[in-house]
Amino acid sequence: RVHIVASRLGLDEERLIRWCFAHGVLSAVWSLEDDVFDPIGGIEAANAALQVLGHRIGG
Numbered sequence: 001r002v003h004i005v006a007s008r009l010g011l012d013e014e015r016l017i018r019w020c021f022a023h024g025v026l027s028a029v030w031s032l033e034d035d036v037f038d039p040i041g042g043i044e045a046a047n048a049a050l051q052v053l054g055h056r057i058g059g
């Protein structure tokens, strides 16, 4: 899916994945700050992005 989105938008695949990681981390932080949502979804999204890049955090 990353390849499809990146190619259609003319973006670098690694940069797109890194942006997804950053967004996941920000989502988790915002969830904690707002005390409204569970931050796990953001953390899982960040981990998924890192797995695509060949890294892993929190595990």
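Quick note: the sequence shown uses the numbering used here, first residue 1, plus one each step.
Idealized CB from N, CA, C, for every residue including glycine.
Cα separation between residue i and residue j?
i      : j      : result
Phe-37 : Val-2  : 27 angstroms
Arg-8  : Leu-16 : 12 angstroms
Val-52 : Ile-40 : 18 angstroms
Val-25 : Gly-10 : 24 angstroms
Glu-14 : His-23 : 14 angstroms
Ala-48 : Phe-21 : 8 angstroms
Trp-19 : Leu-50 : 11 angstroms
Asp-35 : Gly-54 : 31 angstroms
Within the same chain, show all residues whose beta-carbon is closer than 6 angstroms to that of residue i, passing over the 5 residues directly before and after it, in chain order.
i      : result
Ile-43 : Ala-28
Ala-45 : Gly-24
Who are the near neighbours of residue i in its chain, counting only those whose CB is closer than 8 angstroms to its CB and skipping five residues on each side?
i      : result
Asp-12 : Ala-6
Leu-32 : Pro-39
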